[in-house]
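Per the numbering used here: the sequence shown = residues 132 to 339.
For reference, the structure discussed in these notes is given below.
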Amino acid sequence: MPTIADAAEARLHEVANEAARCQRCPLYKLGTQTVFGSGPADAPVMMVGEQPGDVEDRQGLPFVGPAGRMLDRALETAGLRRDRIYVTNAVKHFKHVIDRGKRRIHQKPNAYEIDRCKWWLDLELEIIKPELTVALGGTAVRALAGRPITIKSARGEVLRTADGRNMLVTIHPSAILRLRESESRAAELARFAHDLRKVGRLVPAVRR
């Protein structure tokens, strides 16, 4: 007999298939494909980033590129199990421009694009029902809270989302990659892992 988790998994798969045909905003014309969330349908924690990057757009999975590897390092340091966390993005298509060298350069999603893609994020939240969401960066905070909140003012804090869920605010791991000095990167990675340790305290089920 199917369990509640089985039903959630089936519904999540159904919604992912629907999202694959999404044309809710013009970004579908840019991305190679919709990059839906990934992880267990009964995950007690959902981490929400900004949008897929170049690698994610090609592979069709979230957080598998350089920022994903940085996230993995921080999760390891924080003592958290990635296999018990659902990861997704506020925007499901890769917004970019192509430079003269034919590289695809990331562009930040605007408010309209974030709001149009909120349809899919809301469905993920409804199906998974996480105990805690983690907003990785300003775009994720904007999508979850329904209003702009600066990371500087809220980092490390647990706030309420627009629909009343608990949301931990921290940076997006790509912010660490943008730092030029190796010492600065190491310090920021340590601080990021410190933020994520709060996840384990709030939701012990994701601890190693």
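Even for Gly, the Cβ is constructed at its ideal location relative to N, Cα and C.
CB contact flag (residue i, residue j, <8 Å)
i: Pro261; j: Pro175; result: yes
i: Leu275; j: Asn297; result: no
i: Leu327; j: Ala209; result: yes
i: Gly196; j: Glu207; result: no
i: His237; j: Gly184; result: yes
i: Thr281; j: Glu255; result: no
i: Arg142; j: Ile258; result: yes
i: Arg215; j: Ala138; result: no
i: Leu158; j: Glu244; result: yes
i: Pro240; j: Lys226; result: yes
i: Val334; j: Ala271; result: no
i: Leu320; j: Arg204; result: yes
i: Val300; j: Ala285; result: yes
Integer-rounded CB distance, given that residue j should sit under 8 Å from residue i
i: Glu181; j: Ala150; result: Contact doesn't hold; Cβ gap of about 17 Å is too wide.
i: Gly302; j: Leu267; result: According to the sequence as given, residue 302 is Ile; it is not Gly. Ile302 to Leu267, Cβ: 7 Å. Contact.
i: Val330; j: Val265; result: 6 Å
i: Val166; j: Lys223; result: 6 Å
i: Leu211; j: Arg339; result: 7 Å
i: Cys156; j: Arg247; result: 4 Å
i: Gly191; j: Gln164; result: 5 Å
Burial state of residue i, where buried means 16 or more other Cβ atoms lie within 10 Å
i: Ser305; result: buried
i: Asp294; result: exposed
i: His144; result: exposed
i: Thr134; result: exposed
i: Gly277; result: exposed
i: Arg234; result: exposed
i: Arg152; result: exposed
i: Gly168; result: buried
i: Arg309; result: exposed
i: Asp273; result: The sequence given here has Arg at residue 273, not Asp. Answer is buried; the Cβ neighbour count reaches 16.
i: Pro279; result: exposed
i: Gly232; result: exposed
Per-residue DSSP class, three states only, for residue i
i: Gly373; result: The chain is shown only over 132 to 339; residue 373 falls outside these bounds and no answer can be derived.
i: Val334; result: coil
i: Arg142; result: helix
i: Arg235; result: strand
Just list the beta strand (DSSP E) runs in the stretch 265–316, keeping only unbroken ones of 3 residues or longer that don't cross its boundaries, in chain order.
-> 289–291 and 297–301
Any beta strand (DSSP E) of 3 or more consecutive residues that is wholly inside the stretch 161–226 | 176–180 and 216–220
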